[in-house]
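Under the working numbering, the first residue of the sequence shown is numbered 83, with each subsequent residue one higher.
For every residue, glycine included, the Cβ atom is placed at its ideal position computed from N, Cα and C.
Just so it is clear, the structure is predicted and the values come from calculations on it, not from any experiment.
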Amino acid sequence: MTVDFDLRSNYVQIINGKSSPTALTRHGLNPATLEALPEVPVETPKDLDDAADAAKAAFKIWSVTPYEDRKKAVLAYVDAIDQYSDQFRDLLITEQGKPISQATLETANSINWIRGMAGLPLLEDIIEDDNSRTVVTRHVPLSVVVAIVPWNFPLLLATGKIAPALLTGNKFFPPGVVQSLSGDDDLGPWLTSHPAIDKISFTGSTATRKRTLWKTLTDRIISGGNDPAIVFPDVDIEKVAEKVAFFAFLNSGQVCLNLKRIYVHSSIFDAFKDALVRQVKSYIVGDRSKTGVTHGPLQNDMQYSRVKTFFDDIEK
83 MTVDFDLRSN YVQIINGKSS PTALTRHGLN PATLEALPEV PVETPKDLDD AADAAKAAFK
143 IWSVTPYEDR KKAVLAYVDA IDQYSDQFRD LLITEQGKPI SQATLETANS INWIRGMAGL
203 PLLEDIIEDD NSRTVVTRHV PLSVVVAIVP WNFPLLLATG KIAPALLTGN KFFPPGVVQS
263 LSGDDDLGPW LTSHPAIDKI SFTGSTATRK RTLWKTLTDR IISGGNDPAI VFPDVDIEKV
323 AEKVAFFAFL NSGQVCLNLK RIYVHSSIFD AFKDALVRQV KSYIVGDRSK TGVTHGPLQN
383 DMQYSRVKTF FDDIEK
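Following this line, the structure appears as structure tokens:
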């Protein structure tokens, strides 16, 4: 059984299993229409303290829960997400600007990712076992884990961080488990400097990473990329041009794995350039909610201003 929810409703944080509204809120803009999106919370340091305390308390129980029981909880969690897959898809379309096909794919991949993670065994690694001694490596829960998630693939990157942490016992499912905090530019530094946080998984821009303080070398950081494509003279030009265009403009160029540099052998340079132009001209850019649109708008004004600087660099 599912309960419909209104995508136009305002949102709250989830702390210790309860809705937690904040005095201060903010909103984004629909990138296709520039209409205001629903209000989202801007948390305070006290909100973070409350969430950390709840997670620490929950960890004492969840960390000793058998792995198979944690797995059942994660599978029940993904089943619930699956029931709301259409709503999650529509949120991605409205908030991030993805075309229907790409929003559907992100939603499906997120669900499949969680189920795939739940299917992995958490095995012990026997390093040595003889008459004198036995040496075993066990993966034990660390404690409170923070997932800092960017806006370009919010559902996929969130589930990719949350599911493994839940399975390995680093979060809790009853109150205190998966807690959701929303804030402004202050939230990142608060999270990364909080004494109760034991591990951070961050995906975002280099600029955002530099605004935060990393406490340990064990934190997992994915921060942008500088991906090249190298095109040799013996390729099928049309097929390779199609692939290069796809990865250069995937998600309207708003993902770390986009191609940023293309090196083409001089003997096929002109032919490849013409093929690439044909591919890009075949794209349909527009309102992401319309069928047939291949590329939606840039997600926000800051992104738009940044992309304009690329053209300035080209002209130089």
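| said: Rounding to the nearest angstrom, what Cα-Cα distance links residue 126 and residue 231 in this structure? | reply: Reading the sequence shown from its first residue, position 44 is the one you call residue 126. Reading the sequence shown from its first residue, position 149 is the one you call residue 231. Rounded to the nearest angstrom, the two C-alpha atoms are 19 Å apart.
| field | Sufficient close CB pairs (3 or more, under 8 Å) joining the region 214–230 to the region 96–112 | value | Because the criterion of three Cβ pairs below 8 Å is not met, the region 214–230 and the region 96–112 do not touch.
| task | Would you be able to state if there are at least three C-beta pairs under 8 Å between the region 120–136 and the region 155–167? | result | No contact exists between the region 155–167 and the region 120–136.
| query | If you pair each beta-carbon of the region 366–374 with each one of the region 350–357, do three or more pairs fall below 8 Å? | reply | Because the criterion of three Cβ pairs below 8 Å is not met, the region 366–374 and the region 350–357 do not touch.
| field | Environment of residue 270 [buried if 16+ CB atoms lie within 10 Å] | value | The count along the sequence shown starts at 1 and reaches residue 270 at position 188. Residue environment analysis places residue 270 among the buried positions, since at least 16 neighbouring C-beta atoms fall within 10 angstroms of its C-beta.
| What did DSSP end up calling residue 389 once you bin it into helix, strand or coil? | What you label residue 389 is simply residue 307 of the sequence shown in a count that begins at 1. In the structure shown, residue 389 sits in a helix (DSSP, three-state: H, G or I).
| Between residue 170 and the rest of its own chain, which residues show a CB-CB distance below 8 Å, the 5 nearest in sequence each way excluded? | On the sequence shown, position 88 is the one that residue 170 refers to. Here the set comprises 163, 189, 192, 237.
| query | For residue 180, which residues from the same chain have a beta carbon less than 8 Å from its beta carbon, with the 5 sequence-adjacent residues on both sides left out? | reply | The residue labelled residue 180 in the question sits at position 98 within the sequence shown. Take residue 180, set aside five residues on each side of it, and the residues of its chain with a beta-carbon closer than 8 Å to its own are 174, 188, 333, 370, 378, in chain order.
| Counting along the chain, where does the alpha helix (DSSP H) carrying residue 130 start and finish? | What you label residue 130 is simply residue 48 of the sequence shown in a count that begins at 1. 127–144 is the extent of the alpha helix (DSSP H) around residue 130.
| Rounded to a whole number of angstroms, what is the C-alpha to C-alpha distance between residue 391 and residue 383? | As a working note, residue 391 is residue 309 in the sequence shown. As a working note, residue 383 is residue 301 in the sequence shown. So the two alpha carbons sit approximately 13 Å from each other.
| said: Just to check my reading of the structure: residue 345 and residue 312 have Cβ atoms closer than 8 Å, yes? What is that Cβ distance to the nearest angstrom? | reply: For this step, residue 345 is matched to residue 263 along the sequence shown. For this step, residue 312 is matched to residue 230 along the sequence shown. Sure, about 5 Å apart at Cβ, within 8 Å.
| request: Sort out for me which residues DSSP pairs residue 229 with in a bridge. | output: By 1-based counting over the sequence shown, the position of residue 229 is 147. Answer is 283, bridged to residue 229.
| What are the start and end residues of the beta strand (DSSP E) that includes residue 100? | Looking up residue 100 in the sequence shown gives position 18. DSSP places residue 100 in the uninterrupted beta strand (DSSP E) bounded by 100–102.
| message | Shorter than 7 Å, the distance from the beta carbon of residue 132 to the closest heavy atom of the ligand HEM, or not? | response | Absent from the structure shown: the ligand HEM. Ligands present: none.
| How would you label residue 308, buried or exposed, when you count the other beta carbons within 10 angstroms and need 16 or more for buried? | Position 226 of the sequence shown, counted from the start, is the residue given in the question as residue 308. By the neighbour-count rule (16 or more Cβ atoms within 10 Å), residue 308 is not buried but exposed.
| query | Out of curiosity, what's the CA-to-CA distance linking residue 182 and residue 396? | reply | Taking the first residue of the sequence shown as position 1, residue 182 is located at position 100. Taking the first residue of the sequence shown as position 1, residue 396 is located at position 314. Their Cα atoms are separated by approximately 32 Å.
| query | Buried or exposed: where does residue 115 fall if 16 or more other Cβ atoms within 10 Å of its Cβ makes it buried? | reply | Your numbering for residue 115 matches position 33 in the sequence shown. Answer is exposed; the Cβ neighbour count stays below 16.
| said: Can you check which of these residues, 249, 101, 168, is closest to residue 201 by C-alpha distance? | reply: Working through the sequence shown from its first residue, we reach residue 201 at position 119. Nearest C-alpha to residue 201: 249.
| Contacting residues, own chain, Cβ-Cβ under 6 Å from residue 121 (five flanking each side not counted) | The residue you call residue 121 lines up with position 39 of the sequence shown. Around residue 121, the same chain offers 92, 107, 109 as residues with beta carbons nearer than 6 Å, after the five sequence neighbours per side are excluded.
| Per DSSP, which one or two residues make a beta bridge with residue 216? | If you number the sequence shown from 1, residue 216 lands on position 134. BP columns for residue 216 point to 211.
| said: Does residue 243 pass the burial test, meaning 16 or more other C-beta atoms within 10 Å, or should it be called exposed? | reply: For this step, residue 243 is matched to residue 161 along the sequence shown. Taking all protein chains in view, the Cβ of residue 243 is crowded by 16 or more other Cβ atoms within 10 Å, so the residue is classified as buried.
| said: Less than 8 Å between the beta carbons of residue 229 and residue 283, yes or no? | reply: As a first step, residue 229 must be located in the sequence shown, where it is residue number 147. As a first step, residue 283 must be located in the sequence shown, where it is residue number 201. Between residue 229 and residue 283, the CB-CB gap stays under 8 Å.
| Per DSSP, what kind of secondary structure is residue 336 in: helix, strand or coil? | Position 254 of the sequence shown holds residue 336. In this structure, residue 336 counts as coil in the three-state DSSP scheme.
| query | With respect to the alpha helix (DSSP H) encompassing residue 360, which residues constitute its N-terminal and C-terminal limits? | reply | Walking along the sequence shown from the start, residue 360 turns up at place 278. Segment 351–363, the alpha helix (DSSP H) holding residue 360.
| request: Can you tell me which of 315, 329, 319, 380 puts its alpha carbon nearest to the alpha carbon of residue 348? | output: As a working mapping, residue 348 is identified with position 266 in the sequence shown. With respect to the C-alpha of residue 348, the residue from 315, 329, 319, 380 having the closest C-alpha is 315.
| request: In angstroms with no decimal places, state the Cα-to-Cα distance between residue 196 and residue 350. | output: Along the sequence shown, one-based indexing puts residue 196 at 114. Along the sequence shown, one-based indexing puts residue 350 at 268. Answer to the nearest angstrom: the Cα atoms are 43 Å apart.
| Boundaries of the beta strand (DSSP E) in which residue 309 is found, first to last residue | Position 227 of the sequence shown, counted from the first residue, corresponds to residue 309. Element bounds for residue 309: 309–313.
| field | Which of helix, strand or coil DSSP assigns to residue 150 | value | The residue given as residue 150 occupies position 68 in the sequence shown. Here residue 150 carries a helix assignment [DSSP, helix/strand/coil].
| said: Taking a contact to mean a Cβ-Cβ separation below 8 Å, would you say residue 176 touches residue 112 in this structure? | reply: Taking the sequence shown and counting its residues from 1, the one referred to as residue 176 is at position 94. Taking the sequence shown and counting its residues from 1, the one referred to as residue 112 is at position 30. Taking the C-beta atoms as reference points, residue 112 is found nearer than 8 Å to residue 176.
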